[in-house]
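Number of protein chains: 2
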Amino acid sequence: MDGQRQILHGRWVLPMVPDTGALPDHAVIVEGGRIRDVLPSLQVSQRYPDGTVEQLHAHVLMPGLVNCHTHAAMSLFRGLADDLALQKWLEQRIWPAEQRHVSERFVADGARLACAEMLRNGITCFNDMYYYPDATATVAAEVGLRCRVGLRVLPGQRALHLEPEDSLEGGLRIHDRWRRHPLVGTTLAPHSPRSLSGALMRTLGRLSRDYDLRLHMHVHETGEEVADYMGLHGVSPLQRMHRQGLVGPRLIAVHAIHLELADRRLLAEAGAHVVHCPRSNLKLGNGLAAVAELLRLGVNVALGTDGAASNNNLDLFGEMRMAALLAKAVGNDPTALPASAALRMATINGARALGLADDIGSLEAGKWADIIAVDVGGIAAHPHFDIVSQLVYATGANQVTDVWIAGRRLLEKRQFLTVDQQAVAAAVDNWQTRVPT
Amino acid sequence: MDGQRQILHGRWVLPMVPDTGALPDHAVIVEGGRIRDVLPSLQVSQRYPDGTVEQLHAHVLMPGLVNCHTHAAMSLFRGLADDLALQKWLEQRIWPAEQRHVSERFVADGARLACAEMLRNGITCFNDMYYYPDATATVAAEVGLRCRVGLRVLPGQRALHLEPEDSLEGGLRIHDRWRRHPLVGTTLAPHSPRSLSGALMRTLGRLSRDYDLRLHMHVHETGEEVADYMGLHGVSPLQRMHRQGLVGPRLIAVHAIHLELADRRLLAEAGAHVVHCPRSNLKLGNGLAAVAELLRLGVNVALGTDGAASNNNLDLFGEMRMAALLAKAVGNDPTALPASAALRMATINGARALGLADDIGSLEAGKWADIIAVDVGGIAAHPHFDIVSQLVYATGANQVTDVWIAGRRLLEKRQFLTVDQQAVAAAVDNWQTRVPT
Chain A
1 MDGQRQILHG
11 RWVLPMVPDT
21 GALPDHAVIV
31 EGGRIRDVLP
41 SLQVSQRYPD
51 GTVEQLHAHV
61 LMPGLVNCHT
71 HAAMSLFRGL
81 ADDLALQKWL
91 EQRIWPAEQR
101 HVSERFVADG
111 ARLACAEMLR
121 NGITCFNDMY
131 YYPDATATVA
141 AEVGLRCRVG
151 LRVLPGQRAL
161 HLEPEDSLEG
171 GLRIHDRWRR
181 HPLVGTTLAP
191 HSPRSLSGAL
201 MRTLGRLSRD
211 YDLRLHMHVH
221 ETGEEVADYM
231 GLHGVSPLQR
241 MHRQGLVGPR
251 LIAVHAIHLE
261 LADRRLLAEA
271 GAHVVHCPRS
281 NLKLGNGLAA
291 VAELLRLGVN
301 VALGTDGAAS
311 NNNLDLFGEM
321 RMAALLAKAV
331 GNDPTALPAS
341 AALRMATING
351 ARALGLADDI
361 GSLEAGKWAD
371 IIAVDVGGIA
381 AHPHFDIVSQ
391 LVYATGANQV
401 TDVWIAGRRL
411 LEKRQFLTVD
421 QQAVAAAVDN
431 WQTRVPT
Chain B
1001 MDGQRQILHG
1011 RWVLPMVPDT
1021 GALPDHAVIV
1031 EGGRIRDVLP
1041 SLQVSQRYPD
1051 GTVEQLHAHV
1061 LMPGLVNCHT
1071 HAAMSLFRGL
1081 ADDLALQKWL
1091 EQRIWPAEQR
1101 HVSERFVADG
1111 ARLACAEMLR
1121 NGITCFNDMY
1131 YYPDATATVA
1141 AEVGLRCRVG
1151 LRVLPGQRAL
1161 HLEPEDSLEG
1171 GLRIHDRWRR
1181 HPLVGTTLAP
1191 HSPRSLSGAL
1201 MRTLGRLSRD
1211 YDLRLHMHVH
1221 ETGEEVADYM
1231 GLHGVSPLQR
1241 MHRQGLVGPR
1251 LIAVHAIHLE
1261 LADRRLLAEA
1271 GAHVVHCPRS
1281 NLKLGNGLAA
1291 VAELLRLGVN
1301 VALGTDGAAS
1311 NNNLDLFGEM
1321 RMAALLAKAV
1331 GNDPTALPAS
1341 AALRMATING
1351 ARALGLADDI
1361 GSLEAGKWAD
1371 IIAVDVGGIA
1381 AHPHFDIVSQ
1391 LVYATGANQV
1401 TDVWIAGRRL
1411 LEKRQFLTVD
1421 QQAVAAAVDN
1431 WQTRVPT
């Protein structure tokens, strides 16, 4: 199938790059898992006479969404502990539950639940950080989802029981196992700056450069965390990371809420990436990130769902809309973060953050065919004044009907082709009976 | 059908009142369009041996949602003008479009689109404010949706072309036409305090009392509006309304964002109702309402979607989630506005605001059977630690599968029984070609 030519006709095609907006009555040509061309449907029969034809007459074809911050396996804790203060949530509910239940099997079952949900929500690539990254990677590869898993190269404060792979050598073995995989790769993912000494930071910096690995970290998530750090070190976490050479184009700085102007400028000048997780930030009461300001300074800002325990689902349509709406309130400016900017955050900016901008994030010739079809034929999507606006302000993830990753179809008319939905639900129900509420 | 007994078995029943949470394996008994009983499914065959049985084994049965602020017909302007400053949005886009296009026919077609969308999203009652209220009422009655339409008893600043019914007498004729209708009723709906003299306020107060009509108004929506009003009158709009006798249990104060403590206390002491429209407030950059504070003071706060031109859809599941998340950010408190409070706002609080608390808003014996079934069997709804949390933080309106209003089924497995979907879409497309973007 991958070797064959596929011709996908859409009512609209939204390539994201170039910035043309939604192109009416266009088609995407896929060959060998990659995008060969984007052109008006009327010109297809002449230029590409052969191929498997798919007609998506009420749909927008657009790049698969890139979820730049997840703890996939935590989907098993969805709804376990809501409406609680952050410390109580972590210390009395989440951490004890992790201590008791998290195992390789738990992570595999949870990651499979998350992969299924993400796939159905049009997410074709995710950037994960959790225990047993190899288990998450294995599940993603089985399902056919693109991902990056974070190596726990240094035991943080929340090591469960020190696994052999929670070490530098163990992490690099996982890295080596996946480094030629077409879908899966690795990042360095220490939890946050709090647990890192200067020497450890320098080691991470060297590894990141030597192996060309992204550095995936929570930074400046709570005001308290930043204040405590400054009390201890005299500088903000980001400034200290900068001194140790960690703030550069390989840094994926997640949350980045409580920033001074100097921190924001540093991120911009260093070419670092920020992942905005608006619903998680709200739900945990962590504050409102100044995203429009970061974008204005030239920072590449992507989107993440965070884990389902603090969200509570993995839906970037919801995050796009939230990001666009929230930025207007934060800036007291209804023109802040327009729909097109939210769409970029969820697609091409995400690809850039992961170092995959040459491969995914837009429908451009030569990139992998990571494509989703979004049905805008339903009554709640009418009228069609502005499709870009429609996608951000009035579209639910349930309108994603079809998903291709590297040209392989994984979702067809909302049916999974690579996930046994009953088996996933059964495994989840089994864990539910074991995790006390 | 209405005279027969219907037995609806749910995996859970969430009655809202009494505040029991979700009851597993319960059933709702409906007779003559009203709720007869809520009881464990196991006891049904003994106590209610006869009746039409509906098994909803993966579903939550709960009260239909009450949308307390809409401009239904504006669904025809969905996506017409997004990401614009409020004045530009109104003066350059929305008002000219209304001036050119709004007619009785436009309102009927737009209201039909809105009714279809609301029905499918589990909204069983709405409180509307727009031109040609009689046209909206007629459409709602045809579809079978419960509603209150606002009488334009006094021409506001935005009168299109003065219709005979945009007068006191005309409004009262509409009131009289609908006052015995089982689903439809009327409110007094002057646009906002700005256009009202003291004498007009007193007239409205008298009418509201004499005819027992709710007073549905936008109040304190923007900071500028409040400041201007205080410059002109020396007191806030709400304080002036209070002096003229308008602030009481019949007042439905929509938005109520920019409030002083005195205004908040006034609303609480007077027993007035507030309608929170979180997504519209964000999108138009109007600020963040202190909802948790209003609730703490004892104000009855309900939810509204506002019109689709500023939202951009009519989905109270989205508004519940947004209200719960936003309150946590506003109060810097992750325990603020828990899921159960958001559900109350969308159901029983809405019923109270409309003066319908004896008739709808909960699944209690004697109330109208306005019931929705929400499918939580899907993968993204697993696990099921907390159904109330699930409904607010992880449920999409697309999970509403069935809707009954006064015991009459209007949506069955997501199919409309009283709406011709193709005809609605065709009418919308026709308007789309006429409204220039």
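As they're listed, the protein sequences go chains A and B.
Counting with our numbering, you get residues 1 to 437 for the letters of the first sequence.
Counting with our numbering, you get residues 1001 to 1437 for the letters of the second sequence.
We put the beta carbon where it would ideally sit given N, CA and C, even for glycine.
So who's on the other strand from B/H1276, going by DSSP bridges? B/L1303
Output, in chain order, the set of chain A residues within a Cβ distance shorter than 8 Å of B/Y1393. G79, D82, K283, N311, N312 and N313
In angstroms, rounded to a whole number, what distance separates the CA positions of B/Q1422 and B/A1027? 34 Å
Start-end ranges of the beta strand (DSSP E) lying completely within the stretch 289-375 of chain A, minimum 3 residues: 300-303 and 371-375
Give me, in chain order, the residues of the same chain whose beta-carbon lies closer than 8 Å to that of A/I348; leave out the 5 immediate sequence neighbours on both sides. M16, V17, P63, A357, G361 and S362
Does the distance from the CB of A/L267 to the CB of A/A253 come in under 8 Å? yes
Output yes if chain A places a C-beta closer than 8 Å to the C-beta of B/E1269; else output no. no
Measure the alpha-carbon distance for B/G1156 versus B/A1081 and round it to whole angstroms. Model confidence at B/G1156 stands at a pLDDT of 49, short of 50, so the residue's coordinates are unreliable and nothing is read from them.
Cα-Cα, which of A/T222, A/L411 and A/A58 is closest to A/A441? A query on residue 441 of chain A cannot be resolved here, the shown segment of chain A reaching from 1 to 437 and no further.
Any beta carbon of chain A sitting closer than 8 Å to that of B/L1024? Going by the sequence as given, residue 1024 of chain B is Pro instead of Leu. It does not: the Cβ of B/P1024 has no partner Cβ on chain A nearer than 8 Å.
Measuring straight from C-alpha to C-alpha, what distance separates A/H101 and A/A309? 15 Å
Buried or exposed: which applies to A/W178, given that a residue is buried once 16 or more other Cβ atoms fall within 10 Å of its Cβ? buried
Mind listing, in chain order, the continuous beta strand (DSSP E) runs of no fewer than 3 residues lying wholly within the stretch 1027-1062 of chain B? 1034-1040
Please confirm whether A/G170 and B/N1398 have their CB atoms less than 8 Å apart. no
Under 8 Å between C-beta atoms of A/Y132 and A/V153: no
Buried/exposed call for B/T1401, threshold 16 Cβ in 10 Å: buried
For A/V38, collect the residues of the same chain with a Cβ closer than 8 Å to its Cβ; drop the 5 residues on either side in sequence, then sort them by chain order. V13, P15, L23, H26, A27, V28, I29, L363, E364 and A365
Alpha carbon to alpha carbon, what distance is there between A/L188 and B/Q1390? 33 Å
Cβ of A/V219 within 8 Å of Cβ of A/P190? no
Beta carbon proximity, A/E413 to chain B, threshold 8 Å: The sequence given here places Lys at residue 413 of chain A; Glu does not occur at that position. So no, A/K413 is outside the interface.
Short check: CB of A/Q244 to CB of A/R202, under 8 Å? yes
For chain B, check one thing: does any of its Cβ atoms lie closer than 8 Å to the Cβ of A/N398? yes
Below 8 Å on the Cβ atoms is my guess for A/R148 versus A/R214; work out the distance and round it to an integer in Å. 7 Å
Is it right to say B/L1236 is buried, meaning 16 or more other beta carbons lie within 10 angstroms of its own, or is it exposed? Per the sequence presented here, residue 1236 of chain B reads as Ser, with Leu not at that position. Buried is the call here.
Give me the Cα-Cα distance between B/I1035 and B/I1257, rounded to the nearest whole angstrom. 37 Å
If we count the other Cβ atoms within 10 Å of its Cβ and call it buried at 16 or more, is A/K88 buried or exposed? exposed
Find out if the Cβ-Cβ distance for the pair B/L1282, A/A373 is shorter than 8 Å. no
Tell me B/R1409's beta-bridge partners as DSSP assigns them. B/W1404
Please name the residue in A/M241, A/A227 and A/E224 whose C-alpha comes closest to that of A/R206. A/M241
If you scan the stretch 73-142 of chain A from start to end, which runs of the alpha helix (DSSP H) of 4 or more residues do you find wholly inside it? 95-101 and 104-120
Would B/P1334 pass as an interface residue toward chain A - the criterion being a Cβ-Cβ separation below 8 Å? yes
Starting from B/A1268, trace the beta strand (DSSP E) in both directions and tell me its first and last residue. No beta strand (DSSP E) contains B/A1268, which is instead part of the alpha helix (DSSP H) from L1261 to A1270.
Output the residue ranges of the beta strand (DSSP E) runs that lie fully inside the stretch 155-241 of chain A and measure 3 residues or longer, sorted by chain position. 184-188 and 215-219
Interface residues of the stretch 98-109 of chain A facing chain B [CB-CB below 8 Å]: none
Please name the residue, chosen from B/S1195, B/A1270, B/V1388 and B/V1060, that lies closest to B/V1247 on a Cα-to-Cα basis. B/A1270
Would B/L1086 and A/P338 qualify as a contact pair, given that the criterion is a beta-carbon distance under 8 Å? no
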